[in-house]
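Peer 1: Residue numbers (the numbering used here), protein chains in the order written: chain G, 507 to 754; chain S, 18 to 284.
Glycine included, each C-beta is placed from N, C-alpha and C at the ideal position.
In this text the structure is predicted, and so the values were computed from the model without any measurement.
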Amino acid sequence: MSSDQNILVKLNKAGFSLNNKWLVKGVSLQVEKGKIVTLIGPNGSGKSTTAKIALGIYKKIDGSVEKYTNKVGYVPQKISIDWTLPLRVNDFMVLTESLDKESIDEALSLTGVIHLKDKNLGDLSGGEFQRVLLARAISKKPELLVLDEPVQGVDFTGEIALYELIKKISDELNCGILLISHDLHTVMSATDHVVCLNGHVCCSGSPMDVAKNNEYKALFGEQASQILSRYEHRHDHVHTSEGEIKKN
Amino acid sequence: MLDDFFIRALIAGIGVAIVTGPLGCFVVWRRLSYFGDTLAHSALLGVTLAYSMEFNIAFSVFIISSLIALTLIQLQKRTNLPGDALLGLLAHSSLAVGLVVIGFLSFIRFDIMGLLFGDILAVTVNDLLIIWIGGALILLVLKLIWKPLFASTVNYELAEAEGLNPDRAKAIFTILMAAIIAISIKMVGLLLITGMLIIPAAMARNISSSPQKMVIYSIIGGLLSVILGLFSSLEFNTASGPSIIAASLFLFILSLLNIKQSIKLKN
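1) Kindly identify the DSSP beta-bridge partner or partners of W528/G.
2) Taking only three categories from DSSP, how would you classify L684/G?
3) Given this structure, state the Cα-to-Cα distance separating S265/S from A219/S, to the nearest angstrom.
4) To the nearest angstrom, how far is it from the Cα of G291/S to the Cα of V700/G?
5) Would you say F167/S faces chain G, with C-beta separation under 9 Å as the test?
6) Select from the stretch 212-244 of chain S all residues with a C-beta closer than 7 Å to any C-beta belonging to chain G, and list them in chain order.
7) Expressed to the nearest angstrom, what Euclidean distance is found between the alpha-carbon atoms of G540/G and R47/S?
8) If R547/G and N704/G are in contact, beta carbons under 8 Å, what's the gap, nearest whole angstrom?
9) Quick check: is any heavy atom of the ligand ATP less than 8 Å from the C-beta of A520/G?
10) What's the C-alpha gap between L138/S and F22/S?
11) Using CA atoms only, rank isn't needed, just tell me which of P713/G, D715/G, I644/G, C709/G is closest to S551/G.
12) Run down chain G in chain order and give the residues with a C-beta less than 8 Å from the C-beta of L181/S.
13) What residues from chain C crowd round T88/S, counting only those whose CB sits closer than 7 Å?
14) Give the single residue among L545/G, K565/G, Q511/G whose Cα lies nearest to the Cα of S523/G.
15) Quick one: Cα of L133/S to Cα of S257/S, how far?
16) Identify the contact partners of N172/S in chain G, using a Cβ-Cβ distance below 7 Å as the criterion.
17) Can you pull the chain G residues whose beta carbon is under 7 Å from the beta carbon of V45/S, in chain order?
18) Does DSSP put H706/G in a helix, in a strand, or in coil?
19) Of the residues that make up the stretch 538-553 of chain G, which ones have a beta carbon closer than 9 Å to any beta carbon in chain S?
20) On a CA-only basis, which of K625/G, G628/G, T575/G is nearest D650/G? Give me that one, please.
21) Should A34/S and S242/S be called a contact, given that it needs their Cβ atoms to be closer than 9 Å?
22) Return helix, strand or coil for R642/G, following the three-state DSSP convention.
23) Which one or two residues does DSSP pair with Y580/G in a beta bridge?
24) Distance check for Q93/S and G100/S, CA to CA, integer angstroms please.
25) Have a look at A75/S and G38/S and give me their C-alpha separation to the nearest angstrom.
26) Starting from L668/G, trace the alpha helix (DSSP H) in both directions and tell me its first and last residue.
27) Excluding the 5 residues flanking K283/S on each side, which residues of the same chain have their C-beta closer than 8 Å to its C-beta?
28) What does the Cβ neighbour count give for A113/S, buried or exposed, with the cut at 16 atoms within 10 Å?
29) To the nearest angstrom, report how far apart I189/S and L240/S are at their CA atoms.
30) Between the alpha carbons of A29/S and G618/G, how many angstroms are there, rounded?
31) List, in chain order, every chain G residue whose beta-carbon is nearer than 9 Å to that of L161/S.
32) On a CA-only basis, which of F167/S, V78/S, E71/S is nearest I192/S? Give me that one, please.
33) Residue range of the alpha helix (DSSP H) that V600/G falls in?
34) As a quick exercise: from L154/S, A60/S, S169/S, L104/S, pick the residue whose alpha carbon is nearest that of F43/S.
35) Per DSSP, Q536/G is paired with what?
36) Which same chain residues end up closer than 6 Å to R740/G when comparing Cβ atoms and leaving out the 5 residues on each side of it in sequence?
Here is the structure:
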């Protein structure tokens with residue numbers, strides 16, 4: 507991998523326990539500038555916990571976490587906002603950092619919710635709120651983006667567009683992204699490094715390496731490996747401008 | 018001009034209202050009204066301490082309330098009791114201890130009614146200085162911690178993840194709560210301080226669409242309550258605290274009426 511100064515956050519055998527039960531244990535991973543690292547794994551495998559360790563939300567952890575940036579954008583998986591607060595989208599955008607109008611508008615346009623700017627946060631649908639969450643996280647132009655299921659509840663076409671946006675942001679801002687996603691298609695096509703969790707790291711590496719791994723197959727089943735094979739297939743030809751398919 | 022007790026009370030009340038406005042919004046947003054009550058109850062102990070040691074009341078109330086707040090945080094960590102039980106325990110036991118201590122201090126003449134419900138006759142020029150200087154300090158600190166405090170009120174994990182240190186902001190806010198109770202105890206009385214914090218803020222919630230507006234309306238509501246309350250206190254010879262709180266209740270009820278709708282109906 508690349509040199510040390512590109513590292514944004516590094517987990518060293520990190521683990522977290524709650525009420526004498528390990529939520530996740532022995533996780534080592536690092537996120538570098540311009541790279542997308544994806545955490546996959548079944549429910550309860552410690553994906554969100556790992557993200558929270560990386561973010562420094564959990565403090566009493568096993569092992570260590572080294573964070574080299576304070577410019578962080580976070581899209582949590584669950585967010586409960588208290589409606590005793592009168593909060594519009596515009597107020598929510600500047601929650602953790604003061605931004606000028608252009609940055610706010612740009613981010614809201616990118617995620618397709620600029621028309622909701624003056625709406626009350628409580629009046630948004632789940633998908634709309636998710637787009638606002640993502641807009642807020644990218645608006646501050648972070649060095650590290652932690653996205654925990656960032657497109658949950660977003661409609662199908664929106665989902666694809668948002669994943670493309672995430673990929674684009676990673677390239678344009680050269681920021682590191684720690685992504686948690688259930689969508690294996692996305693994971694396989696856009697990710698630099700995959701970490702497969704099941705209470706511990708059961709395998710990690712490039713998407714291709716992970717998909718070939720037997721533990722991965724055991725965890726996700728045959729279908730998941732077939733997704734991989736489709737991707738392998740996709741890479742063995744190119745589409746010419748005339749519409750022909752040309753083998754590499 | 019400051020020779021007139023009513024003018025002094027008015028200046029004191031205005032100072033208190035400007036500070037309780039924004040703090041009260043956070044009390045409502047963070048659901049801290051019972052916490053405010055607990056600190057206020059413990060203030061009686063601070064007052065008795067001040068009398069017995071000939072100490073400044075505001076200062077000693079501030080110290081005792083801060084200690085109670087710290088005790089609460091420790092108890093939350095060390096016991097499995099629910100938060101409201103701990104608050105009740107601290108509120109009533111510190112009130113009881115305060116009253117028992119008053120019993121022992123029979124050589125000092127106490128105006129308990131004044132302590133519990135506020136006494137505008139008791140406001141001195143010295144109190145004005147404490148309210149305005151203390152109030153300015155509270156607002157300054159609140160401005161400094163506004164971003165992390167507000168962000169963690171909306172969502173703790175977002176604030177923590179994005180490097181805002183919400184725990185420190187929360188601890189500082191607790192101290193500010195103790196401070197506002199200390200400076201407003203003479204005006205409103207210790208039983209009604211929480212009302213001064215939450216009723217104008219609750220009124221503001223009904224009519225505001227953004228956090229900034231809610232803070233501004235809350236201050237305006239507090240100011241109107243103080244002015245209305247003090248004039249009626251003078252007029253009807255009632256205690257200042259209840260008069261102010263009753264005025265704020267009146268404003269709250271007004272805020273419930275949907276003004277826009279009634280205008281539409283008229284047209």
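Peer 2: Once the coordinates are examined:
1) Paired residues: S523/G.
2) strand
3) 10 Å
4) For chain S, the structure presents residues 18 to 284; residue 291/S sits outside this window and is missing.
5) yes
6) R222, S225, S226, S227, P228, M231
7) 38 Å
8) In the sequence under discussion, the amino acid at residue 547/G is Gly, which differs from the Arg named in the question. With a Cβ gap of about 5 Å, G547/G and N704/G count as contacting.
9) Ligands in the displayed structure: none, and consequently the ligand ATP is not present.
10) 6 Å
11) C709/G
12) Under a criterion of Cβ atoms nearer than 8 Å, the residues of chain G adjacent to L181/S are, in order, T602.
13) The structure shown contains no chain C; its protein chains are G and S.
14) The candidate whose alpha carbon is nearest that of S523/G is K565/G.
15) So the alpha carbons of these two residues sit roughly 11 Å apart.
16) I585, I587
17) T590
18) coil
19) none
20) This sequence places Leu at residue 650/G; Asp is not what is there. For L650/G, the closest C-alpha among the options K625/G, G628/G, T575/G is that of T575/G.
21) yes
22) helix
23) V652/G
24) 7 Å
25) Going by the C-alpha atoms only, they are around 20 Å apart.
26) 662-678
27) Unreliable positioning characterises K283/S in this predicted model, as indicated by a pLDDT of 48, which lies under 50. The coordinate reading is nonetheless provided below. If the five residues before and after K283/S are omitted, its C-beta is found closer than 8 Å to no C-beta atom of its own chain.
28) exposed
29) 25 Å
30) 51 Å
31) None at all; the shortest Cβ gap to chain G is about 14 Å.
32) V78/S
33) Here V600/G belongs to no alpha helix (DSSP H), and DSSP marks it neither H nor E.
34) S169/S
35) K516/G
36) A caution first: R740/G carries a pLDDT of 46, below 50, which makes its placement in the model unreliable, though a value can still be read off. Same-chain partners within the cutoff: there are none.
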